[in-house]
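Quick notes on the structure that follows.
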Amino acid sequence: MQLQNQVAVITGGANGIGRATALRFASEGCHIVVADVQADRGSMVVDEVTERGPRAIFVHLDASNKADNEAMAQAALSEFGRLDILVTAAGISHSNYASGDLEVDMKFAMRRLAYVEQPAMLFCDIELEDWRRVIEVNLTGTFLAMQACARPMIEAGTPGRIVTIASIAAKNPDAGPTAYTASKAGVWMLTKKAARELASAKIRVNSIGPGFINTNMTAMLDEIEDVKDELLQSIPLGHKGQPVDIANAALFLVSDQSSYMTGTILHPDGGFFTD
Ligand SMILES: NC(=O)c1ccc[n+]([C@@H]2O[C@H](COP(=O)([O-])OP(=O)(O)OC[C@H]3O[C@@H](n4cnc5c(N)ncnc54)[C@H](O)[C@@H]3O)[C@@H](O)[C@H]2O)c1
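Under the numbering used here, the first residue of the sequence shown carries the number 4, and numbering increases by one thereafter.
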């Protein structure tokens, strides 16, 4: 019970890594605010948390919206009276990404594959609105959530902990589409900057840069045989990770086990970064 009676806000908590983190934290006695665009899936996670003992609420969040982020932090305070932890797992791989809609993802993948002989044109054909949406959700969304949650932590004198979810794509340009890799590199730098600025308030800020994890976001990679083979060859452990592998890293970063760590990034990636 490493997080007994603490309160964690988890963006993107309705699916995948966010959901696994909500459940892992709940098993340690933590109350959870599940914040996501998907209310139906989010409510199911609320039920799964309460089955484990702690309390939970769902809050509708569009990560790119400042007012939504502020309402999310306020919901934690009005429901639970405190806010100790933020995990920012809300994210999209492309502008039309809707978690669980494999058809939309396949269209995106096929469009990219059509450019395989001409990557320069793939780069030149990126639409501004698509670029903006990915940056707004992944990077601006992380910033807005951090800002909204850091304020009440500072006011209450809470030794808060923030964990951002970046990616191996923060450092490796081949690990995702253009806007995605740029947004994740931004999340990593934002994490380091916030770690320095919030250190005086005793708030620790760290990041996780997962490798390929078995969630809705990577389901489409399993559908194309060549892509799947290439992906597995890039992972020394030879398989994708599970969401709980990332949840365990998040638990470490919000627990006292990592009390002297801030501004770091952990890469649970099956050895991807050993080359
Ligand atoms: N799966 C991987 O291999 C992998 C690898 C590295 C990083 N990541 C990152 O992990 C995070 C979680 O992704 P996942 O793999 O669990 O995928 P996922 O699709 O299962 O989860 C993403 C969640 O974010 C939510 N979301 C999307 N747009 C949102 C918005 N505008 N506002 C609020 N919520 C929104 C979705 O509804 C979903 O619940 C993402 O930031 C992703 O970039 C994933």
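By construction, the Cβ of each residue, glycine as well, lies at the ideal position given by its N, Cα and C atoms.
Would residue i be called buried (16 or more neighbouring beta carbons within 10 Å of its own) or exposed?
i: tyrosine 263; result: exposed
i: alanine 253; result: buried
i: aspartate 43; result: exposed
i: histidine 97; result: buried
i: alanine 117; result: exposed
Rounded to whole angstroms, how far is the Cβ of residue i from the Cβ of residue j, which I believe are closer than 8 Å?
i: glycine 214; j: glycine 273; result: 5 Å
i: threonine 161; j: aspartate 87; result: 6 Å
i: cysteine 33; j: leucine 6; result: 4 Å
i: arginine 85; j: alanine 159; result: 7 Å
i: alanine 153; j: isoleucine 216; result: Rounded, the Cβ-Cβ distance is 27 Å, inconsistent with contact.
Find out if the Cβ-Cβ distance for the pair residue i, residue j is shorter than 7 Å.
i: phenylalanine 83; j: valine 10; result: yes
i: alanine 204; j: leucine 105; result: no
i: alanine 92; j: isoleucine 20; result: yes
i: serine 210; j: isoleucine 268; result: yes
i: valine 55; j: alanine 78; result: In the sequence as presented, valine is not what sits at residue 55; that position holds arginine. No, Cβ-Cβ distance for arginine 55 and alanine 78 is not below 7 Å.
i: glutamate 31; j: methionine 75; result: no
i: glycine 179; j: alanine 173; result: no
i: isoleucine 238; j: phenylalanine 275; result: yes
i: asparagine 72; j: alanine 151; result: yes
i: alanine 70; j: glycine 144; result: no
Using only the alpha-carbon positions, how far apart do residue i and residue j sit?
i: aspartate 248; j: isoleucine 168; result: 13 Å
i: methionine 192; j: valine 90; result: 16 Å
i: proline 57; j: glutamate 200; result: 32 Å
i: histidine 270; j: glycine 212; result: 5 Å
i: aspartate 177; j: serine 170; result: 12 Å
i: valine 36; j: isoleucine 227; result: 36 Å
i: serine 81; j: glycine 45; result: 19 Å
i: alanine 182; j: tryptophan 134; result: 5 Å
i: leucine 147; j: valine 52; result: 25 Å
i: valine 140; j: valine 190; result: 11 Å
i: alanine 123; j: glutamine 260; result: 46 Å
i: lysine 195; j: alanine 202; result: 11 Å
i: tyrosine 100; j: valine 137; result: 9 Å
i: arginine 27; j: proline 246; result: 10 Å
i: leucine 240; j: leucine 234; result: 11 Å
i: phenylalanine 255; j: isoleucine 129; result: 38 Å
i: valine 119; j: valine 230; result: 12 Å
In chain order, what residues of the same chain have a beta carbon less than 7 Å from the beta carbon of residue i, not counting five sequence neighbours either side?
i: glycine 15; result: Gly21, Asp39, Ala92, Ala93 and Gly94
i: valine 49; result: Val37, Ala59, Ile60 and Phe61
i: asparagine 251; result: Arg27
Suppose the cutoff is 8 Å on Cβ atoms and the five residues either side in sequence are ignored; what does the same chain contact list for residue i look like?
i: methionine 149; result: Leu89, Thr91, Ile165, Thr167, Leu193, Ala197 and Val208
Got a sec? Which residues, its chain only, sit under 6 Å from residue i by beta carbon, not counting five neighbours each side?
i: serine 102; result: Asn18 and Asn219
i: glutamine 41; result: Ala17
i: threonine 184; result: Ala172 and Pro176
i: glycine 266; result: Lys195 and Ala198
i: phenylalanine 111; result: His97
Quick check on residue i - is its C-beta less than 7 Å from some C-beta in chain C?
i: asparagine 251; result: The chain labelled as chain C is not found in the depicted structure, where only one protein chain is given.
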